[in-house]
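Residue numbers (my numbering): 143 to 1067.
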């Protein structure tokens, strides 16, 4: 979303306020017949389905008006509209693997067999009669594999374009009824994973018989706003979609984001909502995505495909006829002479330096060079300097990647290490070798590096309230699928974006089987999928000694055939244990025998690797892949063996004792997890109940980064002078004109339910700028920097929720309460009762995720425009900005935490639930 807020209305008067909002495109506050200052707004989206979300999203003239909006009669909450980055395929990077290069080539390349989808197809279960809605970048339904048309009689039969081609997330959308997009390929690839029926390469979607819909929320460039995403979810629900697939997300440390709430409400109404878990595995633990964090939403992680997709190049002038190459599609290059940049196959930096002067014109050659030593872009640049257009990279016995040409190179691909060495040897012997890349069938090479393991890019949970993490995994690494016709028809893409539609398609098969009486489905699709999934290993451990943490893989890899045909069911399929301060050590689950005969069961425990969040006594999280250690919970199961008659059930008790220090040290915030395995006899059904907990107190988590690891030149928090960008270290007078405003910056190394910025009056009598008023080492000089604001906090990077600027137009959610909800009154204590030293509220935000080292999510920033409480300019004086961040494990106080005297319950050791910081003197004249 973008800057904004969200309001709730409950009684008749409040409902009238809501009606006034909806009737008028612009609304003046003074029409409420009270003395509150006026403000203006314009409506962005209307949400009138009270079963999901009742309210509005609006644009404000000033961000500070959001505070006044929150005080309106009937307003229950105000939430920023956040900007959502465009979904990007994960860029393949070098895998830390040392196995021999795969040699076995076959015609098998599909991921359907990895999850038993092929067996369902063989039984005639293909998704017929099920409506699957996709919310994405639009779809090229002219692709023959998607039916070639749009409308009631077509495969892609329903949907809507909410934005138009020119929308980029910052301008006005231009909606229309046709979701066609040939400029945004992501949605076409996603749609193909669900429903493709392709004749050229025999690509078959997971649910080729399903009816597809597309709700376009991205233009040709840029991102979108999450109120647009919410409107698409609402429309898909009202259009009767059985399943909604969403391969979109934004960072979320908590389950309370608006998009997650709407997705949750849809799921609670019995629809299946499958959402990509995110491609932020690099960021480490506690960095999930929204709306995937919603309760009852299936958050889907990725496993790498068991096969690499390859095509065959033909060789002439040498002794073999073909060489397989890794590419998203056939290169379609006629026979050209092969030229090697080096005859030395042991060189470690081939083509990393400018090519020698004797290099011929390479415009009519296939250039062969070795991987490694520098970036592919650098190699391409050096080859293009001699007019090279076509480049083949030969590998170095690590996992292959699919290469995108760049820097003047038109086409490129990768071949195996042995094939590359052989070709260099032929050239060194003086043979006139030529290569050609004709149109050829798709082939598969076994992925012996990472096939079937959790993809490195897949995001880690859980949320900071320990209530959500990845639920399930499906193939998402190196997936061959559809691409818009003008852009080449086919492409190989990686990401949890590919895994979420796989689960959506599988859900269509399960729903069809249930509707046709082929299976019973008394529990939710998510429960059935999780309990019948197969736990998988972590690819970065060469011995694969540990199962991957549940925080990343959820219950494991989907096993659809088991979900359809197992007669034993277990629920719940996940036990959330919380942290050590509030851990539910005694848990239970139920086994149900839905078969026709008595079944015997054996129950065992299989731990996963315990994931470390932070290095010992360090506030900076481990980057992914995070360390996994062999320190797991002790588990007592009662009973461990039993028999259950047909139609009967029995409850199993499980008692957990979390791992304790010194290994793993609680300061590392170790997340322990694993699986309770249920094996049946004589049918040999294998089911699991996953569990996850934190072997530390969440309330002891450090929140504010007080170092300079990101900024380099100054510690955080900090106040920067808006007009110069320089750090403020001493008292300074601001004019609040022409950008001369204080801009606060801070970082969170842990997520916070509530972050507040108040303005407090200081007792200093000094009237001279740039003179220290406190001794070195005092609280005011330790971290000389802060946040400034006009009502809301923001990521400073372009990928963040929003960026606030003085005099800017802001965007806001208004969520109205239903008639049954209590209303409350205007002017509550949170906005009117403060100690004498408080000058008012500058900014506040709720449920903020932590920051990462990614520049887009690196720093929160807020520019203060000199107003408080959204009302007007403060009187002249000397002030400090007071930053407060509420630690996880605490509820937001009843007064909202706005009062400087506000406290939540103190921790058992007497420590405060808030982390606080005071800025240097900010002077208003």
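All C-beta atoms, glycine included, are put in the ideal place defined by N, C-alpha and C.
Quantities reported herein were computed from a predicted structural model and do not represent experimental measurements.
Bounds of the beta strand (DSSP E) holding residue 711 are 710-713.
The beta carbon of residue 882 is closer than 6 Å to those of 865, 876 in its chain, skipping five residues each way along the sequence. For residue 894, there is no enclosing alpha helix (DSSP H); the enclosing beta strand (DSSP E) has its first and last residue at 894-903. Taking 8 Å as the cut-off, the beta carbon of residue 476 is found no closer than this to the beta carbon of residue 991. Counting every other CB atom within 10 Å of its CB across the protein chains shown gives residue 327 a total of 16 or more, marking it as buried. Here residue 330 is actually not in contact with residue 564; their C-beta atoms are around 38 Å apart, not less than 8 Å.
In this structure, 497 is the residue among 497, 514, 649 with its C-alpha nearest to the C-alpha of residue 523.
Between residue 813 and residue 765, the C-beta gap is not smaller than 8 Å, which leaves the two residues out of contact. Residue environment: residue 728 is assigned as exposed (fewer than 16 neighbouring CB atoms within 10 Å of its CB, all protein chains considered).
Spatial neighbours of residue 742 in its own chain (CB-CB distance under 6 Å, excluding positions within 5 residues in sequence) are listed in chain order as 785, 823. For residue 184, the closest C-alpha among the options 195, 207, 191 is that of 207.
Here the segment 457-477 makes no contact with the segment 599-616; the two share fewer than three CB pairs at distances below 8 Å.
Under the three-state reduction of DSSP output, residue 644 falls in the helix class. Listed in chain order, the non-local C-beta contacts of residue 654 below 7 Å within the same chain comprise 267, 269, 270, 271, 272, local neighbours out to five positions each way being set aside.
Of the candidates 738, 697, 689, 738 places its Cα closest to the Cα of residue 709.
Rounded to whole angstroms, residue 294 and residue 984 show a C-alpha spacing of 52 Å.
A residue is called buried once 16 or more other Cβ atoms fall within 10 Å of its Cβ, and residue 574, having fewer, is exposed. Within the same chain, and ignoring the five residues on either side of residue 322 in sequence, the residues whose Cβ sits closer than 8 Å to its Cβ are 280, 281, 282, 283, 284, 292, 303. Counted as a single uninterrupted DSSP element, the alpha helix (DSSP H) harbouring residue 404 occupies residues 400-410. With distances taken between CA atoms, residue 872 lies nearest to 861 out of 672, 389, 861, 879. 8 Å or more divides the Cβ of residue 518 from the Cβ of residue 562. Annotated three-state conformation of residue 723 is coil, per DSSP. Residue 782 counts as exposed, since fewer than 16 other beta carbons sit within 10 angstroms of its beta carbon. Under a 10 Å Cβ-count criterion, residue 353 is classified as buried, with 16 or more other Cβ atoms of the shown protein chains found around its own Cβ.
Apart from the 5 residues on each side of it in sequence, residue 893 sits with its Cβ closer than 7 Å to the Cβ of 395, 396, 428, 606, 990, 991, 992, 1030 in its chain, given in chain order.
DSSP places residue 377 inside the alpha helix (DSSP H), whose first and last residues are 368-380. For residue 556, the enclosing beta strand (DSSP E) covers residues 553-557. Secondary structure note for residue 695: its alpha helix (DSSP H) is the uninterrupted segment 692-695. When rounded, the separation of the alpha-carbon atoms in residue 317 and residue 588 is 45 Å. With fewer than 16 other beta carbons inside 10 angstroms of its own, residue 687 counts as exposed. Between the C-alpha atoms of residue 670 and residue 201 there is a straight-line separation of about 42 Å.
At least 8 Å separates the beta-carbon of residue 548 from that of residue 385. Taking residue 289 as the centre and dropping the five residues before and after it, the same chain places the C-beta of 283, 296, 297, 298 closer than 7 Å to its C-beta, in chain order. In this chain, the alpha helix (DSSP H) harbouring residue 673 covers 667-673. Scanning the segment 249-317 for uninterrupted beta strand (DSSP E) segments of 3 residues or longer gives 273-278, 298-303, listed from N- to C-terminal end. Taken in chain order, the unbroken stretches of beta strand (DSSP E) that lie wholly in the segment 754-807 and span 3 residues or more are 776-780, 783-786, 791-799.
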